[in-house]
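**Student:** In my numbering, the protein residues as written are 29 to 248.
By construction, the Cβ of each residue, glycine as well, lies at the ideal position given by its N, Cα and C atoms.
Owing to the predicted nature of the structure, the values given are computational and were not obtained by experimental measurement.
See below:
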């Protein structure tokens, strides 16, 4: 269960809020207009805060200090970017996602380290997938695959403290592109026989349909 703040309660924001609420997550929606909260419907179990999503006081009332994920999905790229920057830099929210309308700005988002979803179709589904998977840092989307970077968690699996790259790839239909040891002592492009250890940072390409299965290996 995650604590999620959604900035923007239009069609995408309200749909995403209900999906996460139904999933059992704690959700708070922020919007400038109180009328927008009517989009949530009667079955929404979360909370709402009226205000500007990059205002520190508004974010504080929304519970940003306990927030795991903030998704900025207003109709303005500038607003979404400002919300993401404030959440990331001032409040150290672990995972920030911004909706992006203008794809020419994608490089700027990448340089700032901001996860984003671009386009108008299936935006809520795409962001929902990112939130519930619990994966680390989204790098890029390539066709029906996601490239993600995360610290490897082996504490709850059958492999204890190590796993071979080939085993991880075979079980979850993914490709390990590169890895770095937890202490930063070594980085490498792996072979199938390379051994990964608890806490290693891995760069992985995985099918979007399989990303939920990968979440158990993400160290949080």
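I need the DSSP call for residue 213, collapsed to helix, strand or coil.
**Tutor:** Here residue 213 sits in coil by DSSP.
**Student:** Going by other Cβ atoms of all chains shown within 10 Å of its Cβ, with 16 needed for buried, is residue 110 buried or exposed?
**Tutor:** Residue 110 should be labelled buried.
**Student:** What do you reckon, are the CB atoms on residue 102 and residue 81 nearer than 8 angstroms?
**Tutor:** Yes, they are a contact pair.
**Student:** Answer with buried or exposed for residue 142, where buried requires no fewer than 16 other C-beta atoms within 10 angstroms of its C-beta.
**Tutor:** It is buried - the Cβ of residue 142 has at least 16 other Cβ atoms within 10 Å.
**Student:** What does the alpha-carbon distance come out to for the pair residue 55 and residue 113?
**Tutor:** For residue 55 and residue 113, the distance between alpha carbons rounds to 20 angstroms.
**Student:** Answer with buried or exposed for residue 66, where buried requires no fewer than 16 other C-beta atoms within 10 angstroms of its C-beta.
**Tutor:** Result: exposed.
**Student:** Take the Cβ of residue 52 as the centre, count every other Cβ of all protein chains shown within 10 Å, and call the residue buried at 16 or more, exposed below.
**Tutor:** Exposed.
**Student:** I'd like the list of long-range same chain contacts for residue 131, defined as Cβ closer than 7 angstroms, with 5 residues on each side in sequence excluded.
**Tutor:** Cβ within range, chain order: 146.
**Student:** Can you pull the DSSP bridge partners for residue 126?
**Tutor:** 100 and 144.
**Student:** Would you decide whether residue 43 is buried or exposed? Buried here means 16 or more other CB atoms lie within 10 Å of its CB.
**Tutor:** Answer is buried; the Cβ neighbour count reaches 16.
**Student:** Quick one: what's got a C-beta closer than 6 angstroms to residue 231's C-beta in the same chain, skipping five residues either side?
**Tutor:** Excluding positions up to five away in sequence, the list reads 177, 205 and 206.
**Student:** Note the first and the last residue of the continuous alpha helix (DSSP H) segment covering residue 45.
**Tutor:** Run containing residue 45: 39-50, per the alpha helix (DSSP H) assignment.
**Student:** Taking C-beta to C-beta, are residue 140 and residue 105 nearer than 8 angstroms?
**Tutor:** No. Outside cutoff.
**Student:** I need the DSSP call for residue 90, collapsed to helix, strand or coil.
**Tutor:** Residue state, collapsed to three classes: coil.
**Student:** Can you tell me whether DSSP reads residue 114 as helix, strand or coil?
**Tutor:** If DSSP states are grouped into helix, strand and coil, residue 114 belongs with the helices.
**Student:** Thinking C-alpha only, which one of 133, 137, 138 and 98 is nearest residue 120?
**Tutor:** Selected option, being the one with the closest Cα: 98.
**Student:** Just to check my reading of the structure: residue 116 and residue 124 have Cβ atoms closer than 8 angstroms, yes? What is that Cβ distance to the nearest angstrom?
**Tutor:** So it is a contact: roughly 5 angstroms between Cβ atoms.
**Student:** In whole angstroms, what is the alpha-carbon distance linking residue 221 and residue 189?
**Tutor:** Computed Cα separation, rounded: 16 angstroms.
**Student:** Relative to the C-alpha of residue 47, which candidate in 71, 64, 59 and 61 has its C-alpha closest?
**Tutor:** If we check each option's Cα against that of residue 47, 71 comes out closest.
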